[in-house]
Each structure stands twice: as structure tokens, then as C-alpha cells.
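Chemist: One structure, as C-alpha cells, below. Some questions next.
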Amino acid sequence: MPAAAGDEPNYLVGLNLTDRRVVVVGGGTVAQRRLGLLVACGARVHVVSRAVTPAVEAMATGGQITIDLRAYADGDLDGAWYAIACTDEPDTNAAVVAEAERSRIFCVRADSARNGTAVTPASASFDGLELGVLAGGDHRRSAAVRTALVEALQSGGVVDVAEPHVPGVALVGGGPGDPDLITVRGRRLLARADVVVADRLAPPELLAELGPQVEVIDAAKIPYGRAMAQEAINAALIDGYKAGKFVVRLKGGDPYVFGRGFEELQACAAAGVPVTVVPGITSAIAVPSAAGIPVTHRGVTHEFVVVSGHIAPDHPDSLVDWSALAKLRGTLVLLMAVERIEKFAAVLTEGGRPAETPVTVIQEGTTRAQRVLRADLATVAARVREENIRPPAIIVIGPVAGLTADAQ
């Protein structure tokens with residue numbers, strides 16, 4: 381009989397299952413949770429089950445796994461290197477384990493871990509590391525520790541000191557404002573930075589997490605004057621790399637959504653500087669979402685357009701066809717447009733957008749200082765001035781701007 385989970389420690393080992401047969405008996409939600417990782421490891425996964433979930437069926441349809449829709453039968457583990465018994469029938473699971481023991485195949489029994497010959501750890505991948513935690517069958521404990529370890533690695537609380545220091549530049553999207561909305565990869569690279577060049581819209585709480593040895597350069601205060609600001613930022617990135625440092629250019633939102641990220645990439649490429657681009661959650665979608673507004677909604681709109689409002693509609697440098705936008709029926713999301721809201725509202729109504737079209741303005745979205753103003757095209761400019769709405773703010777125009785959670 382196998383030892384009870386708490387009687388003696390399990391031997392934690394990594395299995396190379398690439399192109400090796402793995403049999404999973406059971407096709408329910410437990411199997412569904414395990415299959416993705418097995419497929420990602422390159423295993424040839426075969427499922428035996430009377431019924432499977434739609435997600436498991438989709439994996440078979442996509443050619444990721446094979447399925448036999450029938451009851452388990454002795455001999456189903458022939459040729460397997462590893463097996464998982466995860467049906468809702470204890471007798472079937474026991475039979476699978478018994479066959480696995482006779483065939484010397486390690487087998488996980490999902491409904492009773494101590495009665496299998498293998499235990500699935502709470503696992504995670506992090507930048508080339510595979511983490512696994514076992515807690516004597518206490519799955520909640522192992523999962524909690526696993527999650528805490530990953531979060532510590534992501535935040536820099538635990539550092540992979542064995543990794544050699546490699547100079548370079550990373551363009552990191554910090555997300556719409558809430559520091560929790562930066563991507564996992566973005567936070568990881570930020571924790572490794574020697575120098576951080578930060579936008580004013582980058583979440584300031586992220587800078588507070590940096591160690592005292594990290595040099596933080598406020599991109600808004602680089603002393604070269606407005607006309608040379610971007611060139612100075614480019615120079616800061618390149619100079620940091622040439623000094624042997626890892627430089628993170630931390631931006632609000634996504635680097636490539638009105639963030640001049642590609643300009644910085646081009647400058648670095650011309651100077652021979654290796655660059656990693658980390659996409660961010662763009663405020664154009666996330667901020668309306670945080671305010672309860674979907675930029676699309678079935679039966680309401682089939683398109684949404686994101687437009688920069690940093691130039692007035694009548695400015696000779698404007699590249700926007702405002703007359704065409706006015707004719708659209710979907711969602712229009714304006715960024716950097718609060719200071720010129722009167723002109724945008726006027727050009728849209730003059731172009732044919734009804735004056736009663738709903739408009740929502742969200743200031744400092746996703747943060748504790750978030751403010752939401754609801755109006756329409758006819759009244760939004762006056763309301764913005766009355767309520768003293770200031771940048772940064774997102775303006776959503778269209779039927780979705782009038783939706784509420786209880787709307788039918």
C-alpha cells in the first residue's frame with residue numbers, strides 16, 4: 381500500500397513527458413484543469429471518459445489530445461508513462477491506480493491523493509523556472525505558498541540572483557493607473573531595473589517598490605525643453621545601456637497606444653541597443669471597463685475607435701477624419717481630449733452625431749481618485765467645466781456610454 385501523504389515525504393521530480401503517452405481517465409473539470417499543462421509539456425495525451433466537458437472536447441477537436449468516449453477498461457494504460465485517475469467514481473479511480481501499479485506507471489489519483497503513487501504539486505512557471513510545492517496533501521496550503529512565491533518573484537521580493545546581469549532596455553506598459561494592473565512580465569522586469577525612466581502617467585506606486593539603488597528619471601522633468609523632450613528620453617535610454625545598465629522605460633497604458641513607444645524602439649535600434657517590448661493594458665479599454673462601460677456590447681455596437689485628442693479638429697496637423705467619425709454609430713474613445721472637449725463635441729454634432737448621444741468622462745480611471753461624469757454631446761463640455769474634470773481622463777461617446785449594469 382502507498383504511504384499516507386503525511387507519513388513520509390514525496391520525492392519531488394520533474395518529468396520529461398515530451399512525445400510520451402499520458403493517459404487521463406476522466407473528462408470533467410478536474411481533467412480540464414490538468415490537460416493544459418500536460419499539452420504544454422509536449423505530452424501525447426489520451427483521455428478515456430464516458431463524457432467530457434466542452435473545453436476538453438474543444439482540445440480534441442483542435443488536435444491537442446485524443447479521446448475515447450467510453451468507460452475505462454483494464455489495459456487502457458498500455459504504453460503510458462504517466463496516468464491520472466480523475467473520474468467521479470472511486471472504484472474506477474482505484475482500478476486505474478491498480479493497473480498503473482502492476483505496470484509500474486506513476487499515477488495520480490485526484491479524489492484521494494494518498495492512494496495514488498504520485499501527487500500533483502501546486503505549480504507555476506516563472507521566467508524559465510518551474511515551481512512546485514507539495515504540502516502532504518493539503519492542496520490549499522500548497523497553492524497558497526505557490527502563489528506567494530510567484531508574487532514575491534514578480535515584485536522582486538525574491539530575486540533570481542543566479543541570473544547574470546544583462547544590459548538592455550525594456551519598454552514597459554504600466555497599465556491604466558492601478559498598480560495591480562501592470563502585467564506580470566512588466567513587474568518582473570521593473571524589479572530588475574538599474575534605471576527607470578518614468579512617464580507621469582505611470583503608476584507611482586510601482587516606483588515605491590523599487591530598491592534605493594535604482595535610479596529613477598522623471599521623463600516629464602528632463603531639462604531639455606519641450607521641443608527636445610523625446611530626444612532626451614531616447615538619449616537617457618541609450619546612455620543607460622552604454623553604461624552597462626538595464627533600463628526600464630515605464631509608461632502609462634500601453635507603449636504603442638499614443639505612447640511614442642515605437643519612436644523609442646527605433647532610436648534604440650539605430651544605436652544598437654537591444655529592446656524588449658512589454659505590452660500594457662491600455663486605458664482606452666480598461667478605464668471605461670472600470671467605470672462599468674463596455675466599449676462594445678452585443679446588439680448595440682459592432683466597432684469602437686480610439687482617437688487622440690491632443691490636437692484640435694481644425695488644426696492643420698490633425699490626421700483624423702472627423703466627418704467620417706461623426707457618421708459612425710459605434711463607440712468613440714477619446715484620449716487626451718478634455719481640454720478641447722468643446723471642439724470635439726461640436727465637430728461630431730455638426731457631422732451628424734445626434735446631440736443626445738450619451739457621453740461618459742472618466743478621470744483618473746482605475747485609481748482611488750476615479751471620477752465618473754455622465755452627460756451627452758450637447759451638455760458634456762459644460763458639465764466637464766462645471767465639475768472641473770482634469771486630465772488624465774478618458775471620454776467615451778456612443779450608446780454604450782449610457783449603459784448601466786441593470787440596463788436591459
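Position one of the sequence shown corresponds to residue 381 (this note's numbering), numbered consecutively onward. Note that the Cβ used here is the ideal one computed from N, Cα and C, for glycine as well.
Between 637, 639, 644, 450, which has its C-alpha nearest residue 627's C-alpha?
Modeler: Looking up residue 627 in the sequence shown gives position 247. Ranking 637, 639, 644, 450 by Cα distance to residue 627 puts 644 first.
Chemist: Could you round the C-beta distance between residue 553 and residue 660 to whole angstroms and report it? I think they count as a contact, below 8 Å.
Modeler: In the sequence shown, the residue the question calls residue 553 occupies position 173. In the sequence shown, the residue the question calls residue 660 occupies position 280. 2 Å between Cβ atoms; contact.
Chemist: Compare the C-alpha of residue 338 against each of 498, 548, 439, 568 and name the closest.
Modeler: Residue coverage of the chain in this structure runs from 381 to 788, which leaves residue 338 outside it and unanswerable.
Chemist: What separation, rounded to the nearest whole angstrom, lies between the Cα atoms of residue 605 and residue 613?
Modeler: Residue 605 sits at position 225 when you count from the first residue of the sequence shown. Residue 613 sits at position 233 when you count from the first residue of the sequence shown. Below a pLDDT of 50, predicted positions are generally treated as unreliable, and residue 605, at 48, falls in that range; the measurement from the model is reported next regardless. Their Cα atoms are separated by approximately 12 Å.
Chemist: Runs of 3 residues minimum, wholly inside the segment 678-719: which ones carry the beta strand (DSSP E) assignment?
Modeler: 684-688, 711-715
Chemist: Does DSSP put residue 641 in a helix, a strand or coil?
Modeler: To locate residue 641, count along the sequence shown from 1; it is residue 261. Reduced to three states, the DSSP call for residue 641 is helix.
Chemist: Which residues does DSSP list as the beta-bridge partners of residue 465?
Modeler: Taking the first residue of the sequence shown as 1, we reach residue 465 at position 85. DSSP output for residue 465 lists 405, 489 as bridge partner(s).
Chemist: Could you give the residue range of the beta strand (DSSP E) that holds residue 669?
Modeler: What you label residue 669 is simply residue 289 of the sequence shown in a count that begins at 1. Looking at the DSSP string, residue 669 is not in any beta strand (DSSP E); the run it does join, the alpha helix (DSSP H), is 663-670.
Chemist: Any idea what DSSP makes of residue 545, helix, strand or coil?
Modeler: For the purposes of this step, residue 545 is identified with residue 165 of the sequence shown, where counting begins at 1. If DSSP states are grouped into helix, strand and coil, residue 545 belongs with coil.
Chemist: With burial defined as no fewer than 16 other Cβ atoms inside 10 Å of the residue's Cβ, what is the status of residue 624: buried or exposed?
Modeler: Taking the sequence shown and counting its residues from 1, the one referred to as residue 624 is at position 244. With fewer than 16 Cβ atoms within 10 Å of its Cβ, residue 624 is classed as exposed.
Chemist: Less than 6 Å between C-beta atoms, sequence neighbours within five positions excluded: which residues of the same chain meet that for residue 776?
Modeler: Numbered from 1 along the sequence shown, position 396 holds the residue referred to as residue 776. The answer, listed in chain order, is 668, 673, 713, 740.
Chemist: Does the beta-carbon of residue 415 have 16 or more other beta-carbons within 10 angstroms, so that it is buried, or is it exposed?
Modeler: Start at 1 with the first residue of the sequence shown, and residue 415 comes out as number 35. Counting Cβ neighbours within 10 Å, residue 415 comes out buried, since at least 16 surround it.
Chemist: Kindly give me the distance between the Cβ atoms of residue 575 and residue 595, rounded to whole angstroms, as I take these residues to be in contact under 8 Å.
Modeler: On the sequence shown, residue 575 is found 195 positions in, with the first residue counted as 1. On the sequence shown, residue 595 is found 215 positions in, with the first residue counted as 1. Rounded, the Cβ-Cβ distance is 5 Å, consistent with contact.
Chemist: In angstroms, rounded to a whole number, what distance separates the CA positions of residue 460 and residue 508?
Modeler: Residue numbering aside, residue 460 sits at position 80 when the sequence shown is read from its first letter. Residue numbering aside, residue 508 sits at position 128 when the sequence shown is read from its first letter. Near 27 Å, if we compare the C-alpha coordinates of residue 508 and residue 460.
Chemist: How would you call residue 756, buried or exposed, if buried means at least 16 neighbouring beta carbons within 10 angstroms?
Modeler: As a working note, residue 756 is residue 376 in the sequence shown. Counting Cβ neighbours within 10 Å, residue 756 comes out buried, since at least 16 surround it.
Chemist: So, with DSSP's three-state summary, where would you put residue 618?
Modeler: Working through the sequence shown from its first residue, we reach residue 618 at position 238. Here residue 618 sits in helix by DSSP.
Chemist: With H, G and I counted as helix, E and B as strand and the rest as coil, what does DSSP make of residue 509?
Modeler: As a position in the sequence shown, residue 509 is number 129, starting the count at 1. Looking at residue 509 - three-state DSSP - the assignment turns out to be strand.
Chemist: Name the residue from 389, 702, 479, 452 whose alpha carbon lies nearest to the alpha carbon of residue 467.
Modeler: Locating residue 467 in the sequence shown gives position 87, where the first residue counts as 1. Residue 452 is the option with its Cα nearest to residue 467.
Chemist: Drop a sphere of 10 angstroms on the beta-carbon of residue 434, count the other beta-carbons inside from all chains shown, and report buried for 16 or more, exposed for fewer.
Modeler: Working through the sequence shown from its first residue, we reach residue 434 at position 54. Exposed.
Chemist: Using DSSP with H/G/I as helix, E/B as strand and the rest coil, what is residue 397?
Modeler: Within the sequence shown, residue 397 is the residue found at index 17, counting from 1. Reduced to three states, the DSSP call for residue 397 is coil.
Chemist: Would DSSP call residue 477 helix, strand or coil?
Modeler: Position 97 of the sequence shown, counted from the first residue, corresponds to residue 477. Three-state DSSP puts residue 477 in a helix.
Chemist: Using CA atoms only, rank isn't needed, just tell me which of 475, 675, 419, 389 is closest to residue 401.
Modeler: Taking the first residue of the sequence shown as 1, we reach residue 401 at position 21. It is 419.
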